[in-house]
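Going by the numbering used here, the sequence shown opens with residue 1321, and the numbers climb by one from there.
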Amino acid sequence: MNAWIASALAALLTVCAHARPGLAAVQPAADTPVILGDADTPPSLLTIGERTGFKQTARHADVVTLLDNLAKLSPLAVRAEMGASFEGRSIPMLIIADPPLSAITGEGISETELNGRIVVLAFGNIHAGEVDGKEALPILARQILLNPSAPENREILSRIVLVLAPIYNVDGNEKMAAGNRGTQNGPEIVGVRENAQGFDLNRDFVKLEAPETRALVKTITRWDPAVTIDCHITNGSYHRYIVTYAGPKVPAGDPSIIEYSRSGFFPAIASDFAARTDFDSFWYGNFNGEWGPKAEPKQRWETFPAEARYGTNYFGLRNRLSVLVETYTYAPFQERVRATVEFVRSTLSTTARRAGEIRDLIAASDRHALAPERVGEPIAIQSREAPWPGKVTIQGFVENQVDGRSHPTEQYAEYSVELWDKFEPAKSVARPYAYAIPPGHEKVIETLRAHGLVVEPVDREMKLKVERYRIESASPASRAFQGHVVVKAQASLGGVEEIRINAGWHLVKTTQTLGHLAVYLLEPESEDGLTTWNFFDDAMKPGVDFPVARVVAPEL
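Put into C-alpha cells, the structure is as follows:
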C-alpha cells in the first residue's frame, strides 16, 4: 500500500463513527524541515511548508519574499506582478526563461524574445484554502533554477517560457483560521475559498467582476500561454488517485483543441507522471450522488459543467490548452505538494516534447477563427453531458453506509462505472459575421474588451443586414449566486432585415482569434454568457427585442 494511501486511510478511519465531513487534519510529526529536492537547499529558498515539516502554509509576504529570493538566485528568473487584489495586495509572478528575457513589459513578450519557445502559465491558490500549488510552484521553480543544466530541466528551458503565479487569491489567503477546509489532511490553518469581495474566483471568468480575474485575463491576453495550469485540491469522493485532472471541454471551442487534449496531451502527461512517481492519476470527477442526501450505487464518474465561468473551461474556449490539477484532499499535505510538483513537471516535460505540434495546433486554430469562410458554421452555445463508450474502472475503497452516508474502510475496491465527462452540443447557432451593439451598453463593451476581444467603435453611418432575437421568456434562478440572480433566456430569431447604425454603436467581428468566445458571450440563449450574468436584464421581458443584433454580412 502506498504510504500516502495508508496515511490518508488512517485519517479517514478516525471519523468513520461520525457524520461527514468531520475529518480532522492529520499532520506529520516532524518538527524539522522537510525539503522536497536538494537537501542542501538554503533556508531562504524553502517554502513555509518545508520549513515547518508541512504543518503550516505560506502567507502572502512569505511567497513574495521567496519569489524575490528565487529571482536573485539566477539570471534566468525575473520577478513581475500580475496586478493587485481587491484589498490592494500584489499578485506576484516569477518568469523563468533561458535565454533570459531582456525586459518584462506590460505587453508581455515579443515573438523575437520567444525565439520559438511557447509560454506556459501555472498558478495556484485560486481557492485560498487549497494551498498545494502555492507551495509546489516555488519548489518546482527552485529545482529548475538550482540545476538548469540537468537534462530534464534543459528540455523544459529550451522550449518553454514559464510564468508562475503561486498565490493568486492573495486576499483569501490572508484570512487564515482554524476550521477552514476542515476535511483537508493538513496544513493546520489555511485561507478561505472566496476573495475579499466574497466571489469564488473560479466562477468569475465570464462576468470578470473581481480585479484578480481581470488581472489574470489581461496576463493571458498579453502573454498568450499555449498551456495554462490551475492547481486545486479535491473535496469529494473517496478514491486512490493522488491527482485527478481535466482540460478543455466546452463544445463552443475549437474541437481540435479538445480532441488533442483528450486523446494525446493528457494521456502523455499521466504516463509521464506514473513513470516519474509510481502514482496513478485519472480524469477529475466524483461518483454519482456524491452531493445528494444519501449514498447511491456507484454507476457514474461525473465532472463539473462545461460552463465558461470555470477557468479550465474558459482557457480552452480561448482555443488554448488548459490543465486542471486536483490533488486528493485526504492525502497528507506533504504528499499532495510533492504530487503537484511532479504533475506540473510532467505537464511541462510533455509540453516541451510536443512543443512543435502544440504550436502548430494553436496556429491552425487561430487561422480557423480568422477565416472569412467560417462565417455560418455552427457554434454550440449550450451543452449536455454524456458518457464515453464503454466503462472505466475507478480505484476506490469498500465503503460502509452510516446514516445514509459513505465512509471508507481499509479494503480496496474497484468500481466499473460510466465516465460522464464528455460534452456535446445541445443547441448551436450559425456563426454571424459580427455582432452590432447599440449605444447604452458601456458595461458590455468594457467587459468584452477586458476579455481581449476586439470591439470596433462605429464612427459613421453604416447600412447592415442583421438578424434580431425576440425574447420569449427569461427565467431567473431561485436564489442568488456570486452576487447575481442568473438568468436563463429563451429567444426566437427573426428574419434578415436591413438597419442603419451610426456613431455610438460598436461591432464585434467573429473573424478574430477569440471569435468563438464572442459568440458564446453575446448569444442570449448561451448557457453561460453575458445574458446569464445580468448584463442585459433591461431587455429580458417577453416580446422585447434583444439589443444586440447579429450581422450576417459585411457592410452593404
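Built from N, CA and C at the ideal position, the CB exists for glycine as well.
query                                                                                                     : result
Candidates E1407, R1870 and R1560, of which the one nearest I1325 by Cα                                   : R1560
Pick from G1436, I1682, E1610 and A1659 that is closest to L1641, judged by C-alpha positions             : I1682
Which residues DSSP lists as bridging K1829, in chain order                                               : A1754
Simplified DSSP state of Y1735, which is helix, strand or coil                                            : strand
Separation of Q1654 from T1372, as counted between CA atoms                                               : 11 Å
For A1811, the three-state DSSP class (helix, strand or coil)                                             : strand
Q1654, enclosing beta strand (DSSP E) - first and last residue                                            : No beta strand (DSSP E) contains Q1654, which is instead part of the alpha helix (DSSP H) from F1653 to R1673.
Closest Cα partner of S1685 within the set E1579, L1387, P1652 and F1866                                  : E1579
Pick from P1745, E1792, E1817 and T1830 that is closest to L1768, judged by C-alpha positions             : T1830
Opening and closing residue of the alpha helix (DSSP H) in which T1361 lies                               : T1361 -> no alpha helix (DSSP H), and no H or E assigned at all.
Collapsed DSSP secondary structure at V1885 in the structure displayed                                    : Absent from the structure is residue 1885, since the part of the chain shown begins at 1321 and ends at 1876.
Assigned secondary structure, H1338 (DSSP; H/G/I helix, E/B strand, else coil)                            : Since pLDDT at H1338 reaches only 36, below the 50 mark, its modelled position is unreliable, and the value read off the structure follows with that caveat. Three-state DSSP puts H1338 in coil, outside helix and strand.
Range of the contiguous beta strand (DSSP E) that encloses V1440                                          : I1438 to G1444
Alpha-carbon spacing of S1583 relative to T1671, whole angstroms                                          : 14 Å
For K1785: DSSP bridge partner residues                                                                   : E1818
Nearest-angstrom Cα separation, counted from I1562 out to V1659                                           : What sits at residue 1659 in the sequence shown is Ala, not Val. Distance between the alpha carbons of A1659 and I1562: 7 Å.
N- and C-terminal bounds of the alpha helix (DSSP H) containing E1401                                     : That residue, E1401, is in no alpha helix (DSSP H); its beta strand (DSSP E) goes A1397 to A1404.
Check whether K1785 and V1816 have beta carbons under 8 Å apart                                           : yes
Whole alpha helix (DSSP H) elements within the stretch 1489-1520, 4-residue minimum                       : 1490-1493
Length of the line joining the Cα atoms of V1335 and G1449                                                : With a pLDDT of only 41 at V1335, under the threshold of 50, the placement of this residue in the model should not be trusted; the figure read from the coordinates follows. C-alpha separation (whole angstroms): 21 Å.
Contiguous alpha helix (DSSP H) assignments of at least 4 residues, all confined to the stretch 1518-1598 : 1531-1543, 1575-1580 and 1586-1597
Inter-residue Cα distance where the pair is P1692 and Y1753                                               : 8 Å
Bridge-paired residues (DSSP) for F1602                                                                   : T1564
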